[in-house]
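K.L.:
Please see the structure below; I have some questions.
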Amino acid sequence: MIEKQPSCDDVAEPALLPVSVAQQRLFESLKPLTTVERVSIDDALFRVLSEGVVSPMDVPAQANSAMDGYALSSASIPSTGEASLTVVGTAWAGRPYKSEIRVGECVRIYTGAIMPAGADTVVIQEHVRAADDKIDIDSDVTAAKNVRMAGEDVEAGQEILAKGRSLQAADIGVMASLGIKSVNVFRRLKVAFFTTGDELQSLELHKPGDSLAPGMLFDSNRHTLAAMLKTLHVEIVDLGIVRDNEEDTRQALLKASELADLIVTSGGVSAGDADFVTRAFHDLGDVSFWKLAMRPGRPLAYGNIGEAAFFGLPGNPVAVMVTFLQFVQPALRFLSGNTDVFAMEIPARCLSKLRKSPGRVEYQRGVMRLDENGELVVESTGKQGAGRLSSMSRANCLIIIAAEKDGVMPGDKVMVQPFRGLMSA
Ligand code: AMP
Ligand code: MG
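Numbering (our numbering), first residue to last: 111 to 535.
Below, the structure written as C-alpha cells:
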C-alpha cells in the first residue's frame with residue numbers, strides 16, 4: 111500500500127494552525143514603527159498619527175447665533191405680557207456688532223454672526239413683531255436659546271484625533287478648521303516583493319501578440335501584490351520574478367531585507383518547493399513554515415530576515431489575495447502604528463448553498479448587497495478554485511465559514527469580510 115503524505119485537500123489535520131493563533135504570533139513578533147516625521151496636513155492623507163492631535167482653540171471660537179433673528183439680553187424678556195425693544199444695529203457673519211447692548215435693546219443678527227457683548231439670547235425673526243427700529247417680544251422667549259456657545263463642538267486642549275489613527279479626508283478638514291498646518295506621523299513603510307516560479311512569464315518581457323510558451327503562465331501575482339500594497343499606501347519595491355533555485359532566492363531575499371521593512375513573496379512554499387526556500391533561508395534568518403487551518407492558503411512562510419519581516423505566500427492567485435488580507439494587511443497596519451488592524455467582519459444572510467469540509471476555516475468569494483428589505487445578503491460567486499482569480503474580481507467580500515462547519519444552507523447567517531464597497535448588480 112502507498113503511504114499517503116498530508117495534502118492540501120486533507121479534511122482535518124490536527125497540526126494545522128488556526129488563523130487567529132497565527133495572527134497572534136504575528137503581532138507578538140512584529141515591532142511597530144517608531145520613526146516620526148512632520149508633514150503638512152495636505153500630505154497627511156492615509157498617514158498614521160504618531161501622537162494625538164490636540165485642539166489649540168475652542169470651536170466655535172466665540173458664541174454665535176444659530177439662527178436669523180434678534181440678539182438680546184435675557185434680562186429684557188418680560189415675565190408676562192410683551193416688551194418693546196429698540197433695534198440698535200446689525201450683526202452679520204464675519205461683520206460683528208462692536209458695541210455692547212443694554213437691557214431694552216436688541217441687534218438684528220444673522221446665522222453665524224458673533225453674539226454682541228451683553229446679548230445671551232436669540233429670538234428668531236418669526237417670533238417677533240417688527241416695525242421700524244422696534245420689535246415686540248413676549249414672555250415665551252426662552253433665555254439662551256439659538257446660541258452656539260464657544261467651545262460647544264471642541265474645547266481648547268481637547269484631543270480630537272488619537273495616536274494610531276490613519277488620517278482620512280474629514281480629519282484633514284478638522285485639522286484645517288483648527289488652524290493646524292502640519293502634523294506628526296510615523297514614516298511610511300517600505301515593502302519589497304517578488305514572485306517565484308520557473309513557469310512564470312513576466313508581462314514586461316512579453317511582446318503583444320506572442321503566444322505563451324507551453325507550460326508558461328503570466329505572472330499575475332506580482333501585479334496583484336503591487337496593487338494590494340498600493341491600497342495600503344506603503345512604498346513598494348518590485349524585485350521581479352525569481353526562478354526556482356536556492357541561490358537566486360537567497361540573493362533576492364537578502365536584497366529585499368536590505369531595502370524594506372517587510373518582504374512579501376508568492377509561491378515556493380508548498381511541500382515540494384519548500385525545500386529550496388527553506389535552504390535559501392538557512393543562514394539568512396529565522397523563518398517557520400506554517401500549515402494554516404484555512405482554505406485557500408494552507409502553506410505560509412513567516413519570519414524575519416535581518417530587520418525585515420517576511421511573508422512567503424502560496425502561489426495560487428486567490429490564495430495570495432486571501433492570505434494577504436488575513437496576514438499581510440493586518441501586519442502592515444500594525445507595523446505602521448495603526449491601531450485599527452483587522453478587516454471588518456459583518457453578519458449577512460447567505461442566499462447560496464456552500465459546500466465545505468470541516469477542519470479548516472474557508473474564505474469563499476461572495477457578492478454582498480442590500481436586498482429589497484434593506485437586509486445585507488450575500489451570494490457565492492460560484493466555483494471556488496484557488497486559481498480562479500476572476501471569482502475574486504467579481505466578488506466584493508469573503509464569506510467566512512468557520513472551521514467546524516460542514517457547509518452553509520440558503521438562509522443561514524454567515525460572517526462576511528468586505529474588501530470593497532457594495533456593488534450594483
Ligand atoms: P506554488 O505555490 O509555487 O506551487 O504555485 C502554485 C500555483 O500557483 C502554480 O502552479 C501556478 O499555477 C500558480 N502561480 C504561482 N505563482 C504565480 C504567479 N506569480 N502568477 C500567477 N500564478 C501563479
Ligand atoms: Mg512555484
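Quick reminder that beta carbons are idealized off the backbone N, C-alpha and C, glycines included.
With Ala286 as the anchor, note down where its alpha helix (DSSP H) starts and where it stops.
P.N.:
Start and end: 279 to 287.
K.L.:
Taking its Cβ as the centre, do 16 or more other Cβ atoms sit within 10 Å of Gln527, making it buried, or is it exposed?
P.N.:
Burial call: buried.
K.L.:
CB of Gly425 to nearest heavy atom of the ligand MG: below 7 Å?
P.N.:
Result yes, Cβ under 7 Å from the ligand MG.
K.L.:
I'd like to know if Arg479 contacts chain D, where contact means its C-beta is closer than 8 Å to some C-beta of that chain.
P.N.:
Protein chains in the displayed structure number just one, and chain D is not present.
K.L.:
What would DSSP say about Glu368, mapped onto helix, strand or coil?
P.N.:
Of the three classes helix, strand and coil, the one that applies to Glu368 here is helix, per DSSP.
K.L.:
Leu299 to Ala370, Cα distance in whole Å?
P.N.:
Their backbone Cα atoms lie some 8 Å apart in a straight line.
K.L.:
Please name the residue, chosen from Ala227, Ala229, Ile245, Gly228, that lies closest to Gln235 on a Cα-to-Cα basis.
P.N.:
The candidate whose alpha carbon is nearest that of Gln235 is Ile245.
K.L.:
Just verifying my parser: in three-state terms, what is the DSSP assignment at Ser312?
P.N.:
Three-state result, Ser312: coil.
K.L.:
Going by DSSP, name the residue or residues bridged to Gln474.
P.N.:
For Gln474, which the question treats as bridged, DSSP gives the partners Ile509.
K.L.:
To which residues of the same chain is Asn414 closer than 6 Å at the C-beta, ignoring the five residues directly before and after it?
P.N.:
Hits under 6 Å: Gly395, Asp396.
K.L.:
Along the chain, where does the alpha helix (DSSP H) that runs through Leu445 open and close?
P.N.:
Leu445 -> alpha helix (DSSP H) spans 439 to 445.
K.L.:
Between Lys340 and Ser398, what straight-line distance do the alpha-carbon atoms span, to the nearest angstrom?
P.N.:
Spanning the two alpha carbons is a distance of roughly 27 Å.
K.L.:
Does the ligand AMP have even one heavy atom less than 7 Å from the beta-carbon of Val379?
P.N.:
Under cutoff, so the answer is yes.
K.L.:
Ala171 to Asp152, Cα distance in whole Å?
P.N.:
Spanning the two alpha carbons is a distance of roughly 23 Å.
K.L.:
To the nearest angstrom, how far is it from the Cα of Ala223 to the Cα of Asp178?
P.N.:
For Ala223 and Asp178, the distance between alpha carbons rounds to 9 Å.
K.L.:
Return yes when at least one heavy atom of the ligand MG lies under 7 Å from the C-beta of Gly497, else no.
P.N.:
No.
K.L.:
Do Lys291 and Ser150 have their C-beta atoms closer together than 8 Å?
P.N.:
Against a cut-off of 8 Å, the Cβ pair of Ser150 and Lys291 comes out as a contact.
K.L.:
In the DSSP output, what is Gln527 paired with across the bridge?
P.N.:
Partner(s): Leu508.
K.L.:
To the nearest angstrom, how far is the alpha carbon of Val487 from that of Leu464?
P.N.:
So the two alpha carbons sit approximately 14 Å from each other.
K.L.:
With burial defined as no fewer than 16 other Cβ atoms inside 10 Å of the residue's Cβ, what is the status of Arg157: buried or exposed?
P.N.:
That one is buried.
K.L.:
Look at the alpha carbon of Lys523 and the alpha carbon of Val295, and state the distance between them as a whole number of angstroms.
P.N.:
If I take the Cα positions, the gap works out to 40 Å.
K.L.:
Roughly how many angstroms separate the alpha carbons of Arg297 and Pro142, rounded to a whole number?
P.N.:
Going by the C-alpha atoms only, they are around 11 Å apart.
K.L.:
Quick one: residues in its chain with C-beta nearer than 6 Å to the C-beta of Val352, no 5 flanking neighbours on either side, listed in chain order?
P.N.:
Cβ neighbours of Val352 beyond the five flanking positions: Phe304, Thr306, Asp358, Thr359, Ala362.
K.L.:
Taking only the alpha-carbon atoms, compute the straight-line gap between Pro226 and Lys208 and give it to the nearest angstrom.
P.N.:
Their backbone Cα atoms lie some 7 Å apart in a straight line.
K.L.:
Go ahead and label Ala535 buried or exposed: buried means 16 or more other beta carbons lie within 10 angstroms of its beta carbon, across all protein chains shown.
P.N.:
With a pLDDT of 42 at Ala535, under the threshold of 50, the modelled position of that residue is not reliable, and no figure is offered here.
K.L.:
So, at 7 Å on beta carbons, what are the nonlocal neighbours of Ala229 in its own chain, with the 5 sequence-adjacent residues on each side left out?
P.N.:
If we look at Ala229 and ignore the five residues flanking it on each side, its Cβ neighbours are Ala181, Leu182, Ser183, Ile211, Val217.
K.L.:
Considering only DSSP beta bridges, list what Met404 is partnered with.
P.N.:
DSSP lists Val471 as partners of Met404.
K.L.:
Say whether the stretch 253 to 262 touches the stretch 193 to 201, bearing in mind that this needs 3 or more beta-carbon pairs closer than 8 Å, one atom from each stretch.
P.N.:
Contact fails: fewer than three Cβ-Cβ distances are below 8 Å.
K.L.:
Which class does Pro409 belong to by DSSP, given the choice of helix, strand or coil?
P.N.:
In the structure shown, Pro409 sits in a strand (DSSP, three-state: E or B).
K.L.:
Would you report the Cα separation of Val146 and Ser160, rounded to the nearest angstrom?
P.N.:
Looking at the two C-alpha atoms, the distance is approximately 7 Å.
K.L.:
Helix, strand or coil: how does DSSP classify Asn414 here?
P.N.:
Strand at Asn414.
K.L.:
Considering only heavy atoms of the ligand MG, does any lie closer than 7 Å to the CB of Thr359?
P.N.:
No - the ligand MG has no heavy atom lying nearer than 7 Å to the Cβ of Thr359.
K.L.:
With DSSP as the reference, identify every bridge partner of Ser194, one or two as the case may be.
P.N.:
In DSSP, Ser194 forms a bridge with Asp246.
K.L.:
Counting C-beta neighbours from all protein chains within 10 Å, is the total for Thr334 16 or more, i.e. buried, or is it exposed?
P.N.:
Classification of Thr334: buried, given that the 10 Å Cβ count is 16 or more.
K.L.:
Could you tell me which of Arg205, Ala337, Val432 sits nearest to Pro409, measuring between CA atoms?
P.N.:
With distances taken between Cα atoms, Pro409 lies closest to Val432.
K.L.:
At what residues does the beta strand (DSSP E) containing Ser150 begin and finish?
P.N.:
Residues 146 to 150.
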